[in-house]
Every structure is written in C-alpha cells, then in structure tokens.
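Have a look at the structure below, then the notes.
Protein chains in written order, with the UniProt record's numbering: chain X, 1 to 206; chain B, 1 to 206.
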C-alpha cells in the first residue's frame, strides 16, 4: 500500500502517511458526527493538514469519503487457503465487518444518495477493481484445483456478496453474524458449484 | 388495501384516499427534490392536507417516507403461476423495478442513514412482514408440488433477494436489468433447490 518516495519529497505531491491520516480522520468523523458534517475542512482540521493538500489528492469530498469507506482500512483480504468454502467464509466475514463499521454505516447511505453520477460510478468501479479481480482469481483457482466446475459468473457472485453484506451491515450490523456469514458463504459456494450452463441438465430438487 | 369506512367519517380518524394522496405526494417530492427536502410540511402542501392529519396517521417523517418507499405503490405481488422459476423471475423483476424508482433511489439512502434505531427496525419489519410471508408461501407451495425439496431458508433467501435488488436498483437502476433479473432469479432457484441439509451429501462440482 505504501508508495516508495524519498523523504525529501514528503508532502509534495504525495505523502502516504498524510493520506492515511486523512482517511483515518474521515472515518473517525463519519462515525462520530455523521455524513453531512464530515466536510473537507473538518477532515483537514482533524488530520492536521490543510485543505489544498486534500484537494491535491482527492478530486472531491465524495471521492475522499468513498476511499475512506470502501478502501481496505485495516481489513486486507487474505490469501487463499486452497479450500473455497473456507475462503468464501473469510471473505463474507470481512465484507460484513467492513459494512458494519461505524464509518460505513454513516458513510455508505450518504454516498448512495450523493454518488449516482457516471463519474461517481467510475470512481467506485476503480476502487473496487482490485477486490473484484481477487475474487475472480479465487474462483479461477478453485476451478483449476477441480473444486468447482468452470462457468461461474464471478462478477455476479461478487455483486451478490457485496450487495447482501452491505445491506446486512447497514441495517443489522453484526447482529446474528455467525448465522448470516455461514448462510451467505454456503450460498456463494453452491452457486459457484452450479454454474448456469449446468442447470436444466441436472435434476435439481428431485 | 382500502379500509371500509362510512363516508360520514372520512378524514377522521382515517381516510384511505387521503392516505394514498399523502404517500403519492411523498414519492413525488422524493423524486423531485430529494430526501432532505421531503419534509412533512412539503408533503402536506403537495397532498393538500394539513400537517396534523399526517401526524394522526404516521408517527414521524421517517415512518411516512418508509411507507411511501417500501409500500406496494402500484407494484403488487403476483399470484403464483405454479412454476417456481417463473415466479422467482417475476419477484426479482418487481423488487428491482421498485428499488430503481426515483422515489426509492432518493429515499432509501436517507432512510438507511436515519433509521438505524430499534424503533425504525420494528417499523420496517412490520411493513415487510406481508411480503416475507408471501415469499415463504411461494417456497412452501413449491415444496408441496415437489418442485424443490423441503428445508430452504426462505427468510435468508428473502434477504438475499431484497439486499441484492436494493443495491442494484440504487447503484445501477434498470441498466442491464434482463441479465441481472435472470441471474438472480436463477440463483434463488438453485439455492431453494439445494437446501443446507443436502450439502455434503451431494457431489457438488464433480
């Protein structure tokens, strides 16, 4: 995550430590004062940087809050264990914990309300791209190992994972999390194991 | 939906026609001026009723907006056709269309931000209860017909349906809807046909 930069250039044009401080300040403010009051100037004050420094790094308040809410934020994705059921359980758990964080519960509804422009969609896709790619790899590896057949729609399964955990985290937080994580991880596994091509050729439910 | 009430008592304590006018006014305002500006007084003005009349019927602005956004609003649920795949496709389509309505895209994020209290959760559960019960019936009927085995977790599948369509409607609207509806309806069917009890006893993915 941390860019290599010579100490002499710190602060201009980019300082990873300062970036992290700004993102942390945004998360703290979201949790403490809510979306509306998490303004650029409040974030700058909390992080101890000036406003122009923030605008050099982020094009808008929404872009900054998106990264604060949807960026990794201390919950990195794990390496594959070689067992897709185990890996899916870990992914669902991480997604739920992130969606249930106070910063996400305050920030995601605000972003959903404010970020329906094409530009905002592009930003969100860019933030999500590495995670989507990692999810695709997870399923591809399971196909290579012979754990699931080829043909699963990984990007649809990713939307199912992201959408369901986001709504669960926003509305229920971590309440009933064990049952939820098991049910969703199992569902993703069953769907990965039964790609669309196979339906109709198998006697489901008989 | 319409309560039987003698014409002489219209307006006190309840007038279904007036209720509908208030809900329609709330939806119109959400779509036109957004969540923040959809106030009780703006709704009253648009609907041509007075504010106390609204408070006699709804306990708060949030309760009213919730009913405007999550109530049926012209998209009633259909009767079962006797074919679960067909019925699930219809349900997913209706849920997506409702989540993509301008009133929902403006109102749902605001409600998610404002309605995280236990009281708000209770209200939402009460609004959703008949729809959840109808979904449970849909699956129970399919079990009775022998279309799927018993044991599906209907309430978890309902959360999957509601969460995924809500996020899809909010972020993408009706863009790519045919592919999305097919993929989600198929997923719900596969999951209904492979309840948890059966996993492990069948050779998934072999």
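Ideal Cβ placement from N, Cα and C applies to all residues, glycine included.
Predicted, not measured: the structure shown is a model, and the values here were computed from it.
Give me the Cβ distance between residue 49 of chain B and residue 108 of chain B, rounded to the nearest whole Å; I'm assuming they're in contact under 8 Å.
Position 49 of the second chain, counted from the start, is the residue given in the question as residue 49 of chain B. Position 108 of the second chain, counted from the start, is the residue given in the question as residue 108 of chain B. Contact flag wrong, Cβ pair sits at about 25 Å.
If you pair each beta-carbon of the segment 42-61 of chain X with each one of the segment 13-25 of chain X, do three or more pairs fall below 8 Å?
Yes, since at least three Cβ pairs between the segment 42-61 of chain X and the segment 13-25 of chain X fall closer than 8 Å, the two stretches touch.
Below 7 Å on C-beta distance, what does residue 217 of chain B contact in chain X?
As shown, chain B starts at 1 and ends at 206. That puts residue 217 of chain B outside it, with no answer to give.
Entirely enclosed alpha helix (DSSP H) segments - the UniProt domain "HTH tetR-type" (16-76) of chain B, minimum 4 residues:
Counting whole runs of 4 or more residues, the UniProt domain "HTH tetR-type" (16-76) of chain B contains the alpha helix (DSSP H) stretches 16-33, 40-47, 51-57, 61-70.
Distance between residue 113 of chain X and residue 59 of chain X (C-alpha atoms, nearest Å):
Along the first chain, read from residue 1 onward, the residue named residue 59 of chain X stands at position 59. Along the first chain, read from residue 1 onward, the residue named residue 113 of chain X stands at position 113. So the alpha carbons of these two residues sit roughly 18 Å apart.
Suppose only complete runs of 4+ residues qualify. What are the alpha helix (DSSP H) ranges in the segment 130-173 of chain B, listed by chain order?
If we require 4 residues or more, the alpha helix (DSSP H) runs fully inside the segment 130-173 of chain B come out as 154-172.
What number of angstroms, rounded off, separates the C-alpha of residue 120 of chain B from the C-alpha of residue 149 of chain X?
Here residue 120 of chain B is taken as the residue at index 120 of the second chain, counted from 1. Here residue 149 of chain X is taken as the residue at index 149 of the first chain, counted from 1. Approximately 43 Å, taken between the alpha carbons.
With 7 Å set as the bound, which would you pick, yes or no: does the beta-carbon of residue 46 of chain B sit closer than that to a beta-carbon of chain X?
Along the second chain, one-based indexing puts residue 46 of chain B at 46. With its beta carbon at least 7 Å from every one in chain X, residue 46 of chain B lies outside the interface.
Taking residue 71 of chain X as the reference, which of X:79, X:80, X:83, X:101 has the closest Cα?
The count along the first chain starts at 1 and reaches residue 71 of chain X at position 71. Per the Cα distances, X:101.
Whole angstroms is fine: what's the gap from residue 144 of chain B's alpha carbon to residue 126 of chain B's?
By 1-based counting over the second chain, the position of residue 144 of chain B is 144. By 1-based counting over the second chain, the position of residue 126 of chain B is 126. Distance between the alpha carbons of residue 144 of chain B and residue 126 of chain B: 27 Å.
Taking Cβ positions, are residue 170 of chain B and residue 98 of chain B nearer each other than 7 Å?
Taking the first residue of the second chain as 1, we reach residue 170 of chain B at position 170. Taking the first residue of the second chain as 1, we reach residue 98 of chain B at position 98. It is not a contact, given that the beta carbons lie outside the stated cut-off.
For residue 122 of chain X and residue 27 of chain X, what's the separation of their Cα atoms in angstroms?
The residue you call residue 122 of chain X lines up with position 122 of the first chain. The residue you call residue 27 of chain X lines up with position 27 of the first chain. So the alpha carbons of these two residues sit roughly 22 Å apart.
Distance between residue 36 of chain X and residue 103 of chain B (C-alpha atoms, nearest Å):
As a first step, residue 103 of chain B must be located in the second chain, where it is residue number 103. As a first step, residue 36 of chain X must be located in the first chain, where it is residue number 36. Looking at the two C-alpha atoms, the distance is approximately 21 Å.
Chain B contacts from the segment 162-176 of chain X (Cβ-Cβ distance under 9 Å):
Sequence-ordered contacts of the segment 162-176 of chain X with chain B read 162, 163, 164, 165, 166, 167, 168, 170, 171, 172, 173 [C-beta pairs closer than 9 Å].
Just verifying my parser: in three-state terms, what is the DSSP assignment at residue 78 of chain X?
Position 78 of the first chain, counting from 1, holds the residue named residue 78 of chain X. Residue state, collapsed to three classes: coil.
Could you check what DSSP says for residue 195 of chain B in three-state terms: helix, strand or coil?
For this step, residue 195 of chain B is matched to residue 195 along the second chain. In the structure shown, residue 195 of chain B sits in coil (DSSP, three-state: anything other than H, G, I, E or B).
Between the beta-carbon of residue 38 of chain B and the beta-carbon of residue 30 of chain B, is there less than 7 Å?
On the second chain, residue 38 of chain B is found 38 positions in, with the first residue counted as 1. On the second chain, residue 30 of chain B is found 30 positions in, with the first residue counted as 1. It is a contact, given that the beta carbons lie within the stated cut-off.
Can you give the Cα-Cα distance for residue 23 of chain X and residue 95 of chain X, rounded to whole angstroms?
By 1-based counting over the first chain, the position of residue 23 of chain X is 23. By 1-based counting over the first chain, the position of residue 95 of chain X is 95. Straight-line Cα distance between these residues: approximately 19 Å.
Would you tell me roughly how many angstroms separate the C-alpha atoms of residue 134 of chain B and residue 89 of chain X, rounded to the nearest one?
Translated into positions along the second chain, residue 134 of chain B becomes position 134. Translated into positions along the first chain, residue 89 of chain X becomes position 89. When rounded, the distance between both Cα atoms is 30 Å.
Find out if the Cβ-Cβ distance for the pair residue 138 of chain B, residue 80 of chain B is shorter than 7 Å.
Residue 138 of chain B sits at position 138 when you count from the first residue of the second chain. Residue 80 of chain B sits at position 80 when you count from the first residue of the second chain. Going by C-beta atoms, residue 138 of chain B is nearer than 7 Å to residue 80 of chain B.
Using the C-alpha atoms, what's the distance from residue 141 of chain X back to residue 83 of chain X?
Taking the first chain and counting its residues from 1, one reaches residue 83 of chain X at position 83. Taking the first chain and counting its residues from 1, one reaches residue 141 of chain X at position 141. The straight-line gap from Cα to Cα measures roughly 10 Å.
Thinking C-alpha only, which one of X:41, X:61, X:191 is nearest residue 152 of chain X?
On the first chain, position 152 is the one that residue 152 of chain X refers to. Among X:41, X:61, X:191, the Cα nearest to that of residue 152 of chain X belongs to X:191.
What residues in its chain sit with their C-beta under 8 Å from that of residue 55 of chain B, if we drop five residues either side in the sequence?
One-based indexing of the second chain puts residue 55 of chain B at position 55. Exclusion of the five residues before and after residue 55 of chain B leaves 40 as the residues of its chain whose Cβ lies within less than 8 Å of its Cβ.
At least one CB of chain X closer than 7 Å to the CB of residue 118 of chain B: is that the case?
Translated into the one-based positions of the second chain, residue 118 of chain B becomes position 118. Chain X, which has no Cβ nearer than 7 Å to the Cβ of residue 118 of chain B, makes this no.
Contact under 7 Å by Cβ, residue 132 of chain X with residue 158 of chain X:
By one-based count along the first chain, residue 132 of chain X stands at place 132. By one-based count along the first chain, residue 158 of chain X stands at place 158. For residue 132 of chain X and residue 158 of chain X, yes; Cβs fall inside 7 Å.
My output table needs one value for residue 176 of chain X: the three-state DSSP class, helix, strand or coil.
Reading the first chain from its first residue, position 176 is the one you call residue 176 of chain X. It is coil, neither helix nor strand.
For residue 181 of chain B and residue 168 of chain B, what's the separation of their Cα atoms in angstroms?
One-based indexing of the second chain puts residue 181 of chain B at position 181. One-based indexing of the second chain puts residue 168 of chain B at position 168. Whole-angstrom Cα-Cα distance: 10 Å.
Using DSSP with H/G/I as helix, E/B as strand and the rest coil, what is residue 98 of chain B?
Along the second chain, one-based indexing puts residue 98 of chain B at 98. Helix, per DSSP.
Step through the CB atoms of chain B and report whether any lies within less than 7 Å of the CB of residue 19 of chain X.
In the first chain, counting from the first residue as 1, residue 19 of chain X sits at position 19. Nearest CB-CB separation between residue 19 of chain X and chain B: not below the 7 Å threshold.
Would a C-beta distance cut-off of 7 Å place residue 163 of chain X and residue 163 of chain B closer than the cut-off?
Start at 1 with the first residue of the first chain, and residue 163 of chain X comes out as number 163. Start at 1 with the first residue of the second chain, and residue 163 of chain B comes out as number 163. Taking 7 Å as the Cβ cut-off, residue 163 of chain X and residue 163 of chain B qualify as a contacting pair.
Separation of residue 165 of chain X from residue 188 of chain B, as counted between CA atoms
Working through the second chain from its first residue, we reach residue 188 of chain B at position 188. Working through the first chain from its first residue, we reach residue 165 of chain X at position 165. One alpha carbon belongs to residue 188 of chain B, the other to residue 165 of chain X, and they sit about 16 Å apart.
Rounded separation between residue 57 of chain X and residue 64 of chain X - CA only
Against the first chain, residue 57 of chain X aligns to sequence position 57. Against the first chain, residue 64 of chain X aligns to sequence position 64. Each residue's alpha carbon lies about 9 Å from the other.
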